[in-house]
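Following: one structure in structure tokens, then a few remarks.
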Amino acid sequence: MTDGLKLGDRIFSSRLLLGTGKFSSADAMVRAVRASGAELVTVALRRFHPGRPVDDVLAPLAAIEGLTLVPNTSGARDAGEAVRAAQLGRELCGSPFVKLEIHPNPHHLLPDPIETFEAAKILVGEGFLVLPYMPADPVLARRLEDIGCAAVMPLGAAIGSGQGLTTMSMLKLIIRDASVPVIVDAGLRSPSEAALTMEIGGDAVLVNSAIAAAENPELMASAFAAAVRAGRDAWKAGLMPQSDVAVATSPLTGFLAGGDAG
Amino acid sequence: MVNGDVVRKSSFETVRLSDGDHVELIVIAAGG
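Taken in order, these protein sequences are the chains called C and U.
Under my numbering, the first residue of the first sequence carries the number 1, and numbering increases by one thereafter.
Under my numbering, the first residue of the second sequence carries the number 263, and numbering increases by one thereafter.
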């Protein structure tokens, strides 16, 4: 694989990660996952209550070849809860990955940087491949990288908000300095934002609501996949320099006037 | 989980429960 996404000792060909929440049905979710070409999909953990229906996402996802599940720690309010959720996720999914997310405030769902850092230290020590969902903070990104996280996952905007890349300037700093993959997670609404993320050097994007809440999730998943590939190719190709003034693409010979225009 | 502790899969068959133990079952669900 010449241009794979390397996370820990694993390499993936797709740079689009998919969340499985909010889909109208398991069938819609499976069709979107297939259309996206994603190899990493996130799942959540829930307490089982007898008599209360549970959507079975495991069986439909297990039918998709080559998929790696990434249990998240959503619902955790501090490091202790997140570590316990990660341990449960590993037992249930058999996956070394954990999407570490700790958001104590259900109103804005912004990640707690201090608890995230503390939990990441413990989980890295327990052998997890930790993918921390984090504020778009270059200092925190470096600290999480230094303690051994397999990637960093700064937010583009608040979860599910569809506000796009509101943290663009910080994302650029994180990407510039990072030596682990930068996966932009949360807030994206359109494939063009995914392409832009990749054009500035992002290594991958994680998308959920933008696909699940689209009128046609399967088609939107396909659109995001194409955008991620296009953005990645554009970054590899190297964007041309910007100029404040026009730079002619044709020779300014002034041949009609009989002389050079200069 | 038993009394808040994670029971590893390898211990599912051998874990011993006592009266008063608090058992919680956790399942995979859809999530982002």
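Don't be surprised by glycine CBs; every beta carbon is placed ideally from N, CA and C.
When you compare each of D267(U), I288(U), V289(U) to L279(U) by their alpha carbons, which one comes out closest?
D267(U)
Looking at the C-beta of I159(C), does it have a partner C-beta in chain U at a distance below 9 angstroms?
yes
Please report the straight-line C-alpha distance between A204(C) and T167(C), rounded to a whole angstrom.
16 angstroms
With T197(C) as the anchor, note down where its beta strand (DSSP E) starts and where it stops.
That residue, T197(C), is in no beta strand (DSSP E); its alpha helix (DSSP H) goes 191 to 199.
Would M29(C) pass as an interface residue toward chain U - the criterion being a Cβ-Cβ separation below 9 angstroms?
yes
Buried or exposed by the 16-neighbour rule on C-beta atoms within 10 Å, applied to S169(C):
exposed
C-beta neighbour in chain U for F12(C), strict 9 angstroms:
no
Rounded to the nearest angstrom, what separates S95(C) and L67(C) at their Cα positions?
11 angstroms
Can you look up R142(C) in the DSSP assignment and give me helix, strand or coil?
helix
Taking Cβ-Cβ distances shorter than 8 angstroms, what residues in chain U pair up with F224(C)?
By Cβ distance, chain U contributes nothing, its closest Cβ being about 14 angstroms from F224(C), past 8 angstroms.
Kindly indicate which three-state DSSP category P71(C) falls into: helix, strand or coil?
strand
Specify, as a first and last residue, the run of the beta strand (DSSP E) that D185(C) falls within.
183 to 185
Around the Cβ of I255(C), are there at least 16 other Cβ atoms within 10 angstroms (buried) or fewer (exposed)?
In the sequence on display, residue 255(C) carries Phe and not Ile. By the 10 Å Cβ count, F255(C) comes out exposed.
If we cut at 9 angstroms on Cβ distances, does L279(U) have a partner in chain C?
no
I need the straight-line Cα distance from A214(C) to N208(C), nearest angstrom please.
10 angstroms
In this structure, how does DSSP classify K22(C) when only helix, strand and coil are distinguished?
coil
Proximal residues of chain C, C-beta to C-beta of G282(U) below 9 angstroms
Those do not exist, as G282(U) stays about 19 angstroms from chain C at its closest Cβ, beyond 9 angstroms.
Tell me, please, which residues DSSP counts as bridged to D267(U).
V264(U)
With burial defined as no fewer than 16 other Cβ atoms inside 10 Å of the residue's Cβ, what is the status of G262(C): buried or exposed?
Its pLDDT being 48, under 50, G262(C) is placed unreliably by the model, and the measurement read from it follows with that caveat. Exposed, because fewer than 16 other Cβ atoms sit within 10 Å of the Cβ of G262(C).
Nearest neighbour of E118(C), chosen from P138(C), G148(C), E91(C), F12(C) [CA to CA]
G148(C)
Can you give me the Cβ contacts of D56(C) inside the same chain, cut-off strictly under 8 angstroms, excluding the 5 residues immediately before and after it?
A26
Can you give the beta carbon distance from M153(C) to I183(C), rounded, assuming they're within the 8 angstroms contact cut?
5 angstroms
Would you verify that the beta carbon of E286(U) is, or is not, closer than 9 angstroms to some beta carbon of chain C?
yes
Determine the DSSP secondary structure at I290(U), reduced to helix, strand or coil.
strand
Among L129(C), F12(C), A63(C), T73(C), which one has its Cα closest to the Cα of A291(U)?
T73(C)
Can you have a look at F224(C) and say buried or exposed, based on whether 16 or more other CB atoms are within 10 angstroms of its CB?
buried
I11(C) bridges to which residues according to DSSP?
K6(C)
Name, please, each residue of chain C whose Cβ falls closer than 8 angstroms to the Cβ of V264(U).
Going along chain C, no residue has its Cβ under 8 angstroms from V264(U), so there is no contact; the nearest lies around 12 angstroms.
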